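Participant: In this note's numbering, the protein residues as written are 64 to 338. Beta carbons: idealized from backbone N, C-alpha and C, even for Gly. Quick caveat: nothing in here was measured; it's all calculated off a predicted structure.
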Amino acid sequence: MTAPGRPRGRPRKDPQQLATWVPPEGWSRLVAWISPEERMALKRVALEASTSVAELVRALASGLAGGVITPDELLGQVRKGIQVMEKIPTIFDRGDDFKVLPKPREGCEWVFAGEGRPTEKLDGTNVRLTIRSGHVVRVEKRRNPSKLQKQQGIIDGWYVDADEHGPEDRWIFEAVRGTEFQGWPDGEHSAEALGPSIQGNPLGLARHMVVPFNLEIPVYDDVPRTYDGLRGLFQHLESRFAPGHLAEGIVFHHPDGRRAKIKRKDFPGGAGKSR
64 MTAPGRPRGR PRKDPQQLAT WVPPEGWSRL VAWISPEERM ALKRVALEAS
114 TSVAELVRAL ASGLAGGVIT PDELLGQVRK GIQVMEKIPT IFDRGDDFKV
164 LPKPREGCEW VFAGEGRPTE KLDGTNVRLT IRSGHVVRVE KRRNPSKLQK
214 QQGIIDGWYV DADEHGPEDR WIFEAVRGTE FQGWPDGEHS AEALGPSIQG
264 NPLGLARHMV VPFNLEIPVY DDVPRTYDGL RGLFQHLESR FAPGHLAEGI
314 VFHHPDGRRA KIKRKDFPGG AGKSR
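1) In whole angstroms, what is the alpha-carbon distance linking glycine 307 and histidine 299?
2) Please report the distance separating the alpha-carbon of histidine 228 from that of phenylalanine 236.
3) Is it buried or exposed for glycine 68, if we count other Cβ within 10 angstroms and need 16 for buried?
4) Taking the CB atoms as reference points, tell me whether tyrosine 283 and isoleucine 313 lie closer together than 8 Å.
5) Which value, in whole angstroms, describes the spacing of the CA atoms of arginine 303 and alanine 124?
6) Closest by CA to glycine 332, which one among Leu93, Arg121, Leu164?
7) Taking all protein chains shown into account, decide if serine 196 is buried (16 or more other Cβ within 10 angstroms of its Cβ) or exposed.
8) Would you identify the three-state DSSP class for glutamate 183, choosing helix, strand or coil?
9) Could you pull the start and end residues of the alpha helix (DSSP H) that glycine 295 belongs to?
10) Let me know if phenylalanine 179 comes out buried or exposed under the rule of 16 or more other beta-carbons within 10 Å of its beta-carbon.
11) Among Gly220, Gln245, Arg201, Val200, whose alpha-carbon lies nearest the alpha-carbon of serine 209?
12) Which word fits glycine 292, buried or exposed, when buried means at least 16 other C-beta atoms lie within 10 angstroms of its C-beta?
13) Please classify serine 115: is it buried, with 16 or more other beta-carbons within 10 angstroms of its beta-carbon, or exposed?
14) Do proline 281 and glutamate 311 have their C-beta atoms within less than 8 Å of each other?
15) Taking the DSSP output, what are the residues bridged to asparagine 189?
16) Would you report the Cα separation of proline 134 and valine 120, rounded to the nearest angstrom?
Here is the structure:
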């Protein structure tokens, strides 16, 4: 990312060089405190770009200074990233068997205080579609970090372009072709690809389709906010999207953008089986 002839940033791996390094004329030092999650997010992007976090930050700053990207465009992408790519926490702590315990997870207290709208969680393949005038111009799929990347601290997933001619993405494009996009606003839409050949088709759908999270996901009323209440609810909670099948889970949406989830299979015994 460093332009030819431009001096690299502060060296990190050579103590002798670090002791004698002098910044270019006019450079100043920027110090910021960031959370572990934010640090890992920057590290992930830098790793994908084969550069350092320092070079990544400088590239963003150079883009703003040179007018390549406007502040509004940059902030817009940041807000979308926070909303779409953050890992949605499960509302209860988990035990050694990875099933949930009757103990609210730290940071999810707002759910148990009755805040947020409960919507149906759909179990398919997470995709992101870019729409222009009712047409899909880009199809992306979610990629989760590998075991090695998780060991490096990369815990959140990201989007990569799907391959229309690749067999691994066949059903994603089948879902895209089976969906009408005329009513979708222009822009990027995080969505779920569903259908007979995706994730075992738990909702028993007869065709492949894409459901956008911001346009069509059904909202449930009077959802209990306790361990026993939710476990009992999942015994009979019917999917609003596929009547006759049990819902896979619920995602709570707070007005400030926070989200939290609980799935039927999170409970011991799965809280009932699909019909």
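Facilitator: Reading off the structure:
1) Start at 1 with the first residue of the sequence shown, and residue 307 comes out as number 244. Start at 1 with the first residue of the sequence shown, and residue 299 comes out as number 236. Distance from the CA of glycine 307 to the CA of histidine 299, rounded to the nearest whole angstrom, comes to 10 Å.
2) Counting from one through the sequence shown, the residue named residue 228 turns up at place 165. Counting from one through the sequence shown, the residue named residue 236 turns up at place 173. Straight-line Cα distance between these residues: approximately 9 Å.
3) For this step, residue 68 is matched to residue 5 along the sequence shown. Only weak support is given to the placement of glycine 68: the predicted model assigns it a pLDDT of 49, under 50, and the question is left unresolved by the model.
4) Counted from its first residue, the sequence shown places residue 283 at position 220. Counted from its first residue, the sequence shown places residue 313 at position 250. Their beta carbons are under 8 Å apart, which means tyrosine 283 touches isoleucine 313 by this criterion.
5) Numbered from 1 along the sequence shown, position 240 holds the residue referred to as residue 303. Numbered from 1 along the sequence shown, position 61 holds the residue referred to as residue 124. Arginine 303 and alanine 124 have their C-alpha atoms some 46 Å from each other.
6) Residue 332 sits at position 269 when you count from the first residue of the sequence shown. Nearest C-alpha to glycine 332: Leu164.
7) The count along the sequence shown starts at 1 and reaches residue 196 at position 133. Flag for serine 196 reads exposed.
8) In the sequence shown, residue 183 corresponds to position 120, counting from 1. The three-state reading of DSSP puts glutamate 183 in strand, counting E and B together.
9) Your numbering for residue 295 matches position 232 in the sequence shown. Where glycine 295 is concerned, the enclosing alpha helix (DSSP H) stretches over 290–296.
10) Your numbering for residue 179 matches position 116 in the sequence shown. The amino acid at residue 179 is misidentified as phenylalanine; the sequence shows glycine. Residue burial annotation: glycine 179 is buried, with at least 16 other C-beta atoms found within 10 angstroms of its C-beta.
11) On the sequence shown, residue 209 is found 146 positions in, with the first residue counted as 1. That would be Gly220, whose Cα lies nearest to the Cα of serine 209.
12) To locate residue 292, count along the sequence shown from 1; it is residue 229. Exposed, because fewer than 16 other Cβ atoms sit within 10 Å of the Cβ of glycine 292.
13) As a working note, residue 115 is residue 52 in the sequence shown. Looking at its Cβ environment, which holds 16 or more other Cβ atoms inside 10 Å, serine 115 is buried.
14) Taking the first residue of the sequence shown as 1, we reach residue 281 at position 218. Taking the first residue of the sequence shown as 1, we reach residue 311 at position 248. No, Cβ-Cβ distance for proline 281 and glutamate 311 is not below 8 Å.
15) Counting from one through the sequence shown, the residue named residue 189 turns up at place 126. Its beta-bridge partners are Glu255.
16) Here residue 134 refers to the residue found at position 71 when the sequence shown is read from its first residue. Here residue 120 refers to the residue found at position 57 when the sequence shown is read from its first residue. One C-alpha to the other measures close to 14 Å.
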